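Engineer: Sharing a structure, written as structure tokens. Questions coming.
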Amino acid sequence: MSHVGSRKEIEITKDLTIPKLFMQAAKKYWDKKIAMREKEFGIWVPITWKQYYENVKRIALGMVSLGLQREDKVAMD
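The sequence shown begins at 1050 in the numbering used here and counts up one residue at a time.
Here's what the structure looks like:
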């Protein structure tokens, strides 16, 4: 499969985690790029990496305030 454009290779190590990848992307793109789009009332609304980060941070802090600890398991629907 070929890709248009160039992508930087990511070195896979045992210390590489999804949260670390997320933080790298958020810091790199912050307000420069759109992380995703969400449909509200039939209109696609862009969400920046900064907004995405703030949403994730709010959810994480909410879970901590409920007593969630490292390595606890959570199911979300």
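We put the beta carbon where it would ideally sit given N, CA and C, even for glycine. Please read all numbers here as calculations on a predicted model, not as lab measurements.
Distance check for I1067 and M1112, CA to CA, integer angstroms please.
Structural biologist: If you number the sequence shown from 1, residue 1112 lands on position 63. If you number the sequence shown from 1, residue 1067 lands on position 18. So the two alpha carbons sit approximately 18 Å from each other.
Engineer: Please state the DSSP three-state secondary structure of R1119.
Structural biologist: What you label residue 1119 is simply residue 70 of the sequence shown in a count that begins at 1. Residue state, collapsed to three classes: coil.
Engineer: I'd like to confirm the pairing. Which residues does DSSP put opposite P1095 in its beta bridges?
Structural biologist: Taking the sequence shown and counting its residues from 1, one reaches residue 1095 at position 46. Paired residues: R1086.
Engineer: Quick one: is D1121 buried, meaning 16 or more other Cβ sit within 10 Å of its Cβ, or exposed?
Structural biologist: Locating residue 1121 in the sequence shown gives position 72, where the first residue counts as 1. It counts as exposed.
Engineer: Starting from M1125, trace the alpha helix (DSSP H) in both directions and tell me its first and last residue.
Structural biologist: The residue you call residue 1125 lines up with position 76 of the sequence shown. First-last for M1125: undefined, no H or E at that position.
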